[in-house]
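Asks:
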Ligand SMILES: Cc1cc2nc3c(=O)[nH]c(=O)nc-3n(C[C@H](O)[C@H](O)[C@H](O)COP(=O)(O)OP(=O)(O)OC[C@H]3O[C@@H](n4cnc5c(N)ncnc54)[C@H](O)[C@@H]3O)c2cc1C
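Numbering (my numbering), first residue to last: 2 to 485.
(1) State yes or no: is the C-beta of residue 167 nearer than 7 Å to some heavy atom of ligand 3?
(2) When DSSP labels each residue in this structure, what does residue 471 get in the three-state scheme?
(3) For the beta strand (DSSP E) that residue 417 lies in, which residues bound it at each end?
(4) Give the single residue among 40, 117, 214, 142 whose Cα lies nearest to the Cα of residue 26.
(5) Return no unless some Cβ of chain C is closer than 8 Å to the Cβ of residue 49.
(6) Who pairs with residue 342 in a beta bridge, going by DSSP?
(7) Grab the span of the beta strand (DSSP E) containing residue 1 for me, first residue to last.
(8) Tell me whether residue 269 sits in a helix, a strand or coil according to DSSP, three-state version.
(9) Following a CB-centred definition, is residue 432 positioned closer than 7 Å to any heavy atom of ligand 1?
(10) Am I right that residue 10 and residue 247 are in contact with their C-beta atoms under 8 Å? What's the rounded C-beta distance?
(11) Output needed for residue 111: all residues of its chain with C-beta closer than 6 Å, excluding positions within five of it in sequence on either side, in chain order.
(12) Out of 456, 351, 318, 416, which has the shortest C-alpha to C-alpha gap to residue 374?
(13) Check each candidate in 356, 22, 75 and name the one with the smallest Cα separation from residue 141.
(14) Would you list the one or two residues that DSSP bridges to residue 123?
(15) Roughly how many whole angstroms lie between the Cα atoms of residue 199 and residue 206?
(16) Does the beta carbon of residue 1 fall short of 7 Å from some heavy atom of ligand 1?
(17) Going by beta carbon distance, what residues of the same chain come within less than 7 Å of residue 152, once the five residues before and after it are set aside?
(18) Spatial neighbours of residue 477 within its chain, please: C-beta separation below 8 Å, excluding the five flanking residues on both sides.
(19) Indicate whether residue 321 and residue 83 have their beta-carbon atoms separated by less than 8 Å.
(20) Among 439, 46, 225, which residue has its Cα nearest to the Cα of residue 490?
(21) Identify which residue in 271, 413, 259 has its Cα closest to the Cα of residue 159.
(22) Could you tell me whether any non-hydrogen atom of ligand 1 is closer than 7 Å to the CB of residue 31?
(23) How about residue 341: is its Cβ closer than 7 Å to a heavy atom in ligand 1?
(24) Is it the case that the Cβ atoms of residue 357 and residue 114 are separated by a distance below 8 Å?
(25) Buried or exposed: which applies to residue 94, given that a residue is buried once 16 or more other Cβ atoms fall within 10 Å of its Cβ?
(26) Residue range of the beta strand (DSSP E) that residue 200 falls in?
(27) Mind checking who residue 309 pairs with in its DSSP beta bridge?
(28) Taking contact to mean at least 3 C-beta pairs separated by less than 8 Å, is the region 63 to 78 in contact with the region 86 to 105?
(29) Excluding five sequence neighbours on each side, which residues of the same chain lie with their C-beta closer than 8 Å to the C-beta of residue 154?
(30) Using a Cβ distance threshold of 8 Å, determine whether the region 14 to 22 contacts the region 305 to 316, with at least three qualifying pairs required.
(31) Residue 79 and residue 309 - do their beta-carbons sit closer together than 8 Å?
(32) Would you say the beta carbon of residue 336 comes nearer than 7 Å to a heavy atom of ligand 1?
(33) My output table needs one value for residue 402: the three-state DSSP class, helix, strand or coil.
(34) To the nearest angstrom, how far is the alpha carbon of residue 61 from that of residue 33?
(35) For residue 332 and residue 219, I'd like the C-alpha separation in whole angstroms.
Encoded structure:
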């Protein structure tokens, strides 16, 4: 019997690291971050002979991209309903068009470059099992049809009502990123963290591994942009955590599905060598643990053990449109691409194309749609506060020992607030209980045995090494004290 692994199914495959930055460099565009966004942008720019380089602080693809369920679909939960609510039908139609374009572009890249990434065509379902939501799905069907999507209504046994689209896909997200990495390896540096960016007369200086990279344009593809706090970004988005399990099954099916009900159920199949897996996802829970995730999937009758179990966070924007583009339209010096509302496979692909066109001063009809400096949605600017509450509670716990009788202890050591996790061998793992990003407290994530900052989504391993931003720093107890 296989023991459950507390990590993403995609991370079972291994990949060799590329060179580090070990001298000063110069380029036209520096891309920071080697997830699907960074690699897609590097690919588009290099195809046009732009002198672009990419730096990744760990290894390419091993950030949020490695924890995705990697469906390539335009049936995206309540995306169009939400965009219609906060924008209008025309905006929702243009967004849908961009997703269909992205799917076709992604397919073209995989075929042209012969990237071996378990890419398969797949039928997507958008469904409900709540009779009160059927009318919403009927309305959604009418919208999708009127916008030209190739959808049908399907009364599947498992669903009360479902919309079906046959022209969608699924793949292995890391194998895709690694395919791009192989093609572009001469222009990529790994284990190379950007510590700081400073503006100079003729562009930007980026400080990496003690060296400087000079660039005219800098693309921040770090999932949550930092270094700068422009355009009130924290008020335009918040992070949401989802929980994922993968389980061996007998049969592989070419389908993926997501519902529109309050408790999100999303799943897909995956074939890996001789094994078939069902991968399923559910949304945030107040106290996530393996049992509550399983309970959420009881309707599938797969309520037994997972082979893999992990969690992941993505950025949800207040108006449900990604934030892609330039932060300074005069020089297009700093560009960002994030806020994909959990639909990053398509949106990272379209981001690569949009950022390329901005840098090359070309027209692109989607530049206006995704502009990061669009107005705030005042109804939702404080959406991040409930998330921050968990982290604030963690700070208040700081002086108490053995909170709730769990293995996690919040206390003071050497005058510093620390959080301690005592593992199954009674070994203590001590970290500073402050996220270096904005000083929030940390919450222990039981699924992956990591520390989560609920304010903006930074994550640290059990001993405090930063594994996901926006924080750029570790919280190791002894040699800490480094602040942004
Ligand atoms: C549970 C879950 C399921 C999802 N499922 C789907 C799905 O089915 N379909 C879909 O389309 N989307 C899905 N998504 C969304 C998608 O996975 C993400 O939007 C996408 O992977 C984000 O990619 P990225 O390249 O922007 O970020 P990342 O993959 O996180 O890449 C950012 C990179 O930047 C690097 N970095 C950070 N700081 C620095 C620095 N200072 N210097 C150098 N490098 C740095 C990081 O190490 C990282 O590798 C899902 C999201 C979640 C949370």
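Ideal Cβ positions, reconstructed from N, Cα and C, are used throughout, including at glycine.
Replies: Inspection of the coordinates gives the following:
(1) You won't find ligand 3 in this model; what it holds is ligand 1.
(2) Locating residue 471 in the chain shown gives position 470, where the first residue counts as 1. Three-state result, residue 471: coil.
(3) Counting from one through the chain shown, the residue named residue 417 turns up at place 416. First-last of the beta strand (DSSP E) with residue 417: 417 to 423.
(4) Within the chain shown, the letter at position 25 stands for residue 26. Answer by Cα proximity: 214.
(5) Absent here is chain C; the protein component of the structure consists of one chain.
(6) As a first step, residue 342 is located in the chain shown; it is residue number 341 there, counting from the start. DSSP lists no bridge partner for residue 342.
(7) Past the edges of the chain, shown from 2 to 485, lies residue 1, and the structure says nothing about it.
(8) In the chain shown, counting from the first residue as 1, residue 269 sits at position 268. Of the three classes helix, strand and coil, the one that applies to residue 269 here is strand, per DSSP.
(9) On the chain shown, position 431 is the one that residue 432 refers to. False, no ligand heavy atom lies under 7 Å from that Cβ.
(10) Residue mapping note: residue 10 aligns to position 9 of the chain shown, counting from 1. Residue mapping note: residue 247 aligns to position 246 of the chain shown, counting from 1. About 4 Å; that satisfies the 8 Å criterion.
(11) Translated into the one-based positions of the chain shown, residue 111 becomes position 110. Cβ within range, chain order: 120.
(12) Taking the chain shown and counting its residues from 1, the one referred to as residue 374 is at position 373. That would be 318, whose Cα lies nearest to the Cα of residue 374.
(13) Start at 1 with the first residue of the chain shown, and residue 141 comes out as number 140. Nearest C-alpha to residue 141: 75.
(14) By one-based count along the chain shown, residue 123 stands at place 122. DSSP, once it has assigned bridges, lists 169 as partnering residue 123.
(15) Within the chain shown, numbered from 1, the residue matching residue 199 stands at position 198. Within the chain shown, numbered from 1, the residue matching residue 206 stands at position 205. Between residue 199 and residue 206, the C-alpha separation is close to 5 Å.
(16) Since the first residue of the chain shown is 2 and the last is 485, residue 1 is not available in this structure.
(17) Indexing the chain shown from 1 puts residue 152 at position 151. Counting only Cβ-Cβ distances below 7 Å, and skipping sequence neighbours, we find 142, 145, 146, 164, 165, 166.
(18) Residue 477 sits at position 476 when you count from the first residue of the chain shown. Closer than 8 Å at the Cβ level, and outside the excluded window around residue 477, lie 432, 433, 464, 465, 466.
(19) Along the chain shown, read from residue 1 onward, the residue named residue 321 stands at position 320. Along the chain shown, read from residue 1 onward, the residue named residue 83 stands at position 82. Yes.
(20) Lying outside 2 to 485, the shown extent of the chain, residue 490 is not represented and no answer is given.
(21) Residue mapping note: residue 159 aligns to position 158 of the chain shown, counting from 1. It is 259 whose Cα lies nearest to the Cα of residue 159.
(22) What you label residue 31 is simply residue 30 of the chain shown in a count that begins at 1. Answer for residue 31: no, Cβ out of range of ligand 1.
(23) As a first step, residue 341 is located in the chain shown; it is residue number 340 there, counting from the start. Result yes, Cβ under 7 Å from ligand 1.
(24) Translated into positions along the chain shown, residue 357 becomes position 356. Translated into positions along the chain shown, residue 114 becomes position 113. No, these two residues do not count as a Cβ contact at 8 Å.
(25) For the purposes of this step, residue 94 is taken as residue 93 along the chain shown, with counting starting at 1. Around the beta-carbon of residue 94, 16 or more other beta-carbon atoms lie within 10 Å, marking it buried.
(26) Taking the first residue of the chain shown as 1, we reach residue 200 at position 199. Per DSSP, residue 200 belongs to the beta strand (DSSP E) from 195 to 201.
(27) On the chain shown, residue 309 is found 308 positions in, with the first residue counted as 1. Residue 309 pairs with 6, 247.
(28) yes
(29) As a working mapping, residue 154 is identified with position 153 in the chain shown. 142, 162, 163, 164, 165.
(30) no
(31) Reading the chain shown from its first residue, position 308 is the one you call residue 309. Reading the chain shown from its first residue, position 78 is the one you call residue 79. No, these two residues do not count as a Cβ contact at 8 Å.
(32) Reading the chain shown from its first residue, position 335 is the one you call residue 336. No - ligand 1 has no heavy atom lying nearer than 7 Å to the Cβ of residue 336.
(33) Numbered from its first residue, the chain shown carries residue 402 at position 401. Any reading at residue 402 must be qualified, since the residue scores a pLDDT of 45, below 50, and its modelled position is unreliable; the value itself is stated next. Here residue 402 sits in coil by DSSP.
(34) One-based indexing of the chain shown puts residue 61 at position 60. One-based indexing of the chain shown puts residue 33 at position 32. Whole-angstrom Cα-Cα distance: 11 Å.
(35) The count along the chain shown starts at 1 and reaches residue 332 at position 331. The count along the chain shown starts at 1 and reaches residue 219 at position 218. Distance between the alpha carbons of residue 332 and residue 219 is about 11 Å.
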